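Enquirer: Got a structure for you, written out below as structure tokens; questions coming shortly.
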Amino acid sequence: MKELAGSSGLVLNEPLLFERGKRGRFGMSMPRRDVEYFPVDEELAGSGPDFPDLGEVEVVRHYTRLSTWNFGVDTGMYPLGSCTMKYNPKINEKLAALPGFAGAHPFLPTELSQGVLKMMFDLERFLAEITGMDAVSLQPAAGAQGELTGMLIFHAYHRSRGRCRSKIIVPDTAHGTNPASAALCGLTPVKVCSNERGVLSVEAVASAMDEDTAGIMVTNPNTLGFFEENIRGIAEVVHDRGGLVYADGANMNAVLGIVKMGAIGIDVLHLNLHKTFSTPHGGGGPGAGPLCVGESLAPFLPVPRVVMDSGLFRLSSDFPLSIGQLHAFYGNVGIMIRAYCYILSLGSELKKVSQLAVLNANYVKEKLKGILHLAYDRACMHECVFSDKLQAPLNVSTLDMVKRLIDYGFHPPTIYFPLVVQGAIMIEPTESECKEELDLFVEAFGEIVKEAEKSPELLHNAPLRSKVRRLDETGAARNPRLTCAGVIERGKDTA
Ligand SMILES: *Cc1c(COP(=O)(O)O)cnc(C)c1O
């Protein structure tokens, strides 16, 4: 096997804390007792949890070793399609930790919160400018919550016109959260298929759009990594029949400073600050999925909203048509600060982010083409989608190949999504990776494909050099073990 970043094998083992330690061992030095001795009630003392007794070195090593098992963008390339796992600049963290931000409390009076409120006010203006939309709410805590907010606004808009529509058009290349968010609002998703170019045609949308359809949710660029080039015509058809156009802008990383969503017929759009705007993500949050709308839908945005009058920023809930509040206080402010910092530190260079992200994706696409089967052979945006079509006859699957990538030191890409490509391998390198790193990634895939031809059984067992081997994911989902009771019992035996 070729030696790459992840193949050194230096992964330290670490048992559970319950399996370590010795009765009576102590992690700190207590000062001499200066009060009278008082015996602890034996019965009470014995009824608490049976924590292991550990020394300081054991504890420090335990957690430090565990921390080395983590893989993240600070460790290596993380080409997870549709997730934009880009580098999170450390200056963002430093500024989010400024005492004025870190120490702010939502119950502070308005006069003492002017800095935070101004940051939020400005960030809304920046995002409106970047997307070409008119008004923004920073409240949604994730992309999916942004979608939900958007669908509630669709509903409020139609209701304000005295009607209720029950369906929503969702293309087969949409992100999976789209139909889920729509269904949560009581809308029935109607699937529309993309064409041979991997995008929607105006005709396909026209034939699905009727007077009972609230509108359409388009992921743009879509999950095949293509820009919906017919979006203006699609928007026209939807608007003509009284509907609204929602754009899932979680993939805005491909078009920052290049496409003004407001100008191509989009009425409502969400962004993912925790993708495009470099705030850390993964592991369940926190995130932020700001919602951007055109002028006519602004009255429906969630409250409270940041407003400014006579030079003073404040929060206002005085918007009678608002759909209401979606998150405690005003959303995840710490995430907003990081995105604010990212935007200000790049300024007009933001456009270059997208240009480089697209360049990197196309570089990987061209280099891997031929090694892997390219699902749609045309220029892509921020990501490219391959499949296991060439390896399937060797009895090697997408899962086998990406698990083997772990042995080569790379996080696997998104797989088996989008559903329109069988055995999909969806790669999004982002702009953060340099050419040498991309070349190593391509080289690793090249090696894996050679292995697939020579010894497919090796790949069936991959990963071989990671902390845990191939997991039974179905078993874990269907039959989860959510307690550590068994572990504690074992700990007692060895105490
Ligand atoms: C990530 C993503 C979402 C969902 O965002 P969350 O913050 O995970 O809820 C929605 N749409 C697209 C296209 C995405 O890539």
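Under our numbering, the first residue of the sequence shown carries the number 930, and numbering increases by one thereafter.
The beta-carbon is built from N, C-alpha and C at its ideal position, and this holds for glycine as well.
Predicted model, so just to flag it, every value in this text is computed and none were measured.
Between the Cα of L1046 and those of P1118, I1266, K1364, spot the shortest distance and give me the residue it belongs to.
Expert: For the residues P1118, I1266, K1364, the minimum Cα distance to L1046 belongs to I1266.
Enquirer: On the criterion of 16 or more Cβ atoms from any shown chain inside 10 Å, does T1102 qualify as buried, or is it exposed?
Expert: With 16 or more Cβ atoms within 10 Å of its Cβ, T1102 is classed as buried.
Enquirer: Starting from H1389, trace the alpha helix (DSSP H) both ways and give me its first and last residue.
Expert: Unbroken alpha helix (DSSP H) run through H1389: 1385-1389.
Enquirer: Would you identify the three-state DSSP class for S1316, choosing helix, strand or coil?
Expert: It is a strand residue.
Enquirer: Pick out whichever of F1155, N1124, A1164, G1127 has its Cα sitting closest to the Cα of A1143.
Expert: Considering only alpha carbons, the answer is A1164.
Enquirer: Of the choices R1094, A1321, G1212, G1061, whose alpha-carbon is the least far from that of D1196?
Expert: Nearest option by C-alpha distance: G1061.
Enquirer: Quick check: does the Cβ of K1015 come within less than 8 Å of any heavy atom belonging to ligand 1?
Expert: No, Cβ of K1015 sits at least 8 Å from all heavy atoms of ligand 1.
Enquirer: Buried or exposed: which applies to Q1351, given that a residue is buried once 16 or more other Cβ atoms fall within 10 Å of its Cβ?
Expert: The residue in question, Q1351, is exposed, as its Cβ has fewer than 16 Cβ neighbours within 10 Å.
Enquirer: Which first and last residues belong to the alpha helix (DSSP H) in which F1339 is found?
Expert: It is not in any alpha helix (DSSP H) - F1339 carries neither H nor E in the DSSP assignment.
Enquirer: Of the residues N942, L1319, V1371, which one's Cα is nearest the Cα of Y1337?
Expert: The shortest Cα separation from Y1337 among N942, L1319, V1371 belongs to V1371.
Enquirer: Give me the DSSP bridge partner(s) of H1087.
Expert: Paired residue(s): none; H1087 is not in a bridge.
Enquirer: At the level of alpha carbons, what is the spacing between E1380 and V1331?
Expert: One C-alpha to the other measures close to 13 Å.
Enquirer: For P1215, name the three-state secondary structure that DSSP assigns.
Expert: Correct three-state label for P1215: coil.
Enquirer: Three or more C-beta pairs closer than 8 Å, one from the region 1131-1151 and one from the region 1097-1111: is that the case here?
Expert: Touching, per the Cβ criterion.
Enquirer: Inspect the beta-carbon positions of P1342 and E1357 and report whether they are closer than 9 Å.
Expert: Yes, Cβ-Cβ distance for P1342 and E1357 is below 9 Å.
Enquirer: Considering only their Cβ atoms, is the gap separating S1316 from I1354 smaller than 9 Å?
Expert: Contact flag set, yes.
Enquirer: Give me the pocket residues for ligand 1, defined as CB within less than 7 Å of any heavy atom, sorted by chain position.
Expert: Those satisfying the condition are, in chain order, S1011, C1012, A1071, G1072, A1073, Q1074, E1076, H1104, T1106, N1107, T1148, T1152, D1177, A1179, N1180, N1201, H1203, K1204, G1216, G1218.
Enquirer: Should V989 be labelled buried (16 or more other beta-carbon atoms within 10 Å of its own) or exposed?
Expert: Looking at its Cβ environment, which holds fewer than 16 other Cβ atoms inside 10 Å, V989 is exposed.
Enquirer: Using three-state DSSP, classify H1168 as helix, strand or coil.
Expert: Correct three-state label for H1168: helix.
Enquirer: So the candidates are T1106, M1138, E1376, S1110; which of them puts its Cα closest to the Cα of V1121?
Expert: Selected option, being the one with the closest Cα: M1138.
Enquirer: In the DSSP assignment, what residue or residues form a beta bridge with V988?
Expert: Partner(s): none; V988 has no beta bridge.
Enquirer: Rank G1001, G1211, L1400, G1154 by C-alpha distance to the C-alpha of V1349 and give the top, closest one.
Expert: Of G1001, G1211, L1400, G1154, the residue nearest in Cα terms is G1154.
Enquirer: Note the first and the last residue of the continuous alpha helix (DSSP H) segment covering F1055.
Expert: F1055 -> alpha helix (DSSP H) spans 1043-1060.
Enquirer: Rounded to a whole number of angstroms, what is the C-alpha to C-alpha distance between M1014 and A1268?
Expert: So the alpha carbons of these two residues sit roughly 15 Å apart.
Enquirer: To the nearest whole angstrom, what separates the beta carbons of G1072 and N1201, a pair I think is in contact under 8 Å?
Expert: Right, their Cβ atoms sit about 5 Å apart.
Enquirer: In three-state terms, what does DSSP make of Y1271?
Expert: The answer is helix: DSSP assigns Y1271 an H, G or I state.
Enquirer: Between S1283 and P1018, how many whole angstroms is the CB-CB distance? I'm expecting something under 8 Å.
Expert: The Cβ separation is near 17 Å, so there is no contact.
Enquirer: Name the residue from F1055, N1289, I1097, Q1074 whose alpha carbon lies nearest to the alpha carbon of A1179.
Expert: A1179 has its Cα closest to that of Q1074, out of F1055, N1289, I1097, Q1074.
Enquirer: Hey, V1378 and L1319: beta-carbon distance below 9 Å or not?
Expert: Cβ atoms of V1378 and L1319: closer than 9 Å.
Enquirer: Which stretch, first to last residue, makes up the beta strand (DSSP E) that contains T1106?
Expert: Taken as a continuous stretch (DSSP letters only), T1106 belongs to no beta strand (DSSP E), being part of the alpha helix (DSSP H) at 1106-1113.
Enquirer: Using only alpha-carbon positions, find the residue among F955, M1310, F1000, G956 that is nearest to G1010.
Expert: Out of F955, M1310, F1000, G956, M1310 has the C-alpha closest to the C-alpha of G1010.
Enquirer: Can we say the region 1088-1099 touches the region 1108-1118, given the rule of at least three CB pairs closer than 8 Å?
Expert: Yes, the region 1088-1099 touches the region 1108-1118.
Enquirer: Compute the distance between the beta-carbons of F1030 and V1262, then report whether it is under 9 Å.
Expert: Yes, Cβ-Cβ distance for F1030 and V1262 is below 9 Å.
Enquirer: Nearer than 8 Å: is that true of the beta carbon of K1281 relative to any heavy atom of ligand 3?
Expert: By its list of ligands, the structure shown excludes ligand 3, since it contains just ligand 1.
Enquirer: Would you grab the beta carbon distance between V1110 and E1076 for me? Rounded to a whole angstrom, and I think it's under 8 Å.
Expert: Sequence check: residue 1110 is Ser here, not Val. That belief holds up - the Cβ atoms of S1110 and E1076 are roughly 4 Å apart, short of 8 Å.
Enquirer: Using a Cβ-Cβ cutoff of less than 6 Å, which residues in the same chain neighbour L1052 once the five nearest sequence positions on both sides are dropped?
Expert: Closer than 6 Å at the Cβ level, and outside the excluded window around L1052, lie M1265, Y1269.
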